Every structure is written in structure tokens, then in C-alpha cells.
Amino acid sequence: ERRVDAFVARMLGDFTLIGGRVEVGEDGGARLAVPGLAAPIEGRAAAGLAVGAVASALIRPEAIRAAAGGVGSGGVGAGGIEAGVIERVYLGEIVALRLRLDGGHEVWSRRFAGEVPAGDRIAIGWDAGAVSILPPAEAA
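Counting the sequence shown from 1 gives a position; our numbering is that position plus 860.
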């Protein structure tokens, strides 16, 4: 599923938008430089995004994986970002985590309870193919 822009995405489900600027765009993908994050976010690019353009990474909660032991522990995929656990919401066999990334960005992750590590700091990641890099609503 491909979103057209951030405005359309807001109407169509649960997700996190993280803003930044497009660093590289090629072969249907893009890298988004995000203030406060050490590494760019990679994902599928919306049509017409140019290098240097303002854009947002759309990441769904179910796409975010978590691993105990920090970024070097492996098992989180692309992203490889440390996050602080702000809140845990138990929804039966599912746990929703509200996480704070460096730079103050907040994301939600939803995983089966057995996939969620204990602790106040965890590593998170995602598959780049599960991330959409979208233009802001006013650019569409």
C-alpha cells in the first residue's frame, strides 16, 4: 500500500510520521535525514520527491521490532535505533509500546507480548520496505 502524502496518510490508519529532509532518492527508495537521529531513515519514496525536499517517514506500529540489549544486539533490522520506553499498554496478547527516540521523536510499536523485551531502554528497527517517505500535505 502506498500513501500519496502525509495528509492522506493521517486519514488511513495508525502510524508514526517523523519529519526530515530527503538525502538520497533512487530506484523508488529514499533516505530521510532526521534531526536528532544519528542515522537516516530509509524507505520507499513517493513519486516526485527531490533531494533536499522536506518529507516524512511513515512507520506503522506493527512494523517496528524491538530487541533487548541495545543496538549492537542484532535482530531489529534497519533502523537500529536506541529508544526509551515511555509507556507499555497491555492489550491481551499484544503489547503497545510508546517509545522516545533520541531527538525527542516518539513512535508506537505493537508486538506480541513474547516479542517485547523488558527494560527501560531497547533497540528498535524495521524493514525499509515497510517505511514510506512522503511529501508534506501542502506539497501534494
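Just so it is clear, CB atoms sit at the ideal spot from N, CA and C, and this is done for glycine as well. Since this is a predicted model, take the numbers as computed values, not measurements.
For G903, the enclosing beta strand (DSSP E) begins and ends at 901-905. For G985, the closest of A943, V884, S992 by C-alpha to C-alpha distance is A943. Comparing alpha carbon positions, the residue from G979, A988, P977, A917 closest to V967 is A917. In the structure shown, the three-state DSSP call for G912 is coil. Of the residues E902, I878, L959, the one whose Cα lies closest to the Cα of A927 is L959. Around the C-beta of V949, fewer than 16 other C-beta atoms lie within 10 Å, and the residue is accordingly described as exposed.
A direct Cα-to-Cα measurement between D874 and G896 gives close to 23 angstroms. Taking a cut-off of 8 angstroms for Cβ pairs, the segment 971-983 and the segment 904-917 do not touch, as fewer than three such pairs fall below it. When the beta-carbon positions are compared, I901 and H965 stay at least 8 angstroms from each other.
The C-alpha of E953 lies about 23 angstroms from the C-alpha of A990. With 16 or more other Cβ atoms inside 10 Å of its own Cβ, V976 counts as buried. Excluding residues up to 5 positions away in sequence, G930, E942, A943, G944, V945 lie with their Cβ nearer than 8 angstroms to the Cβ of R981 in the same chain.
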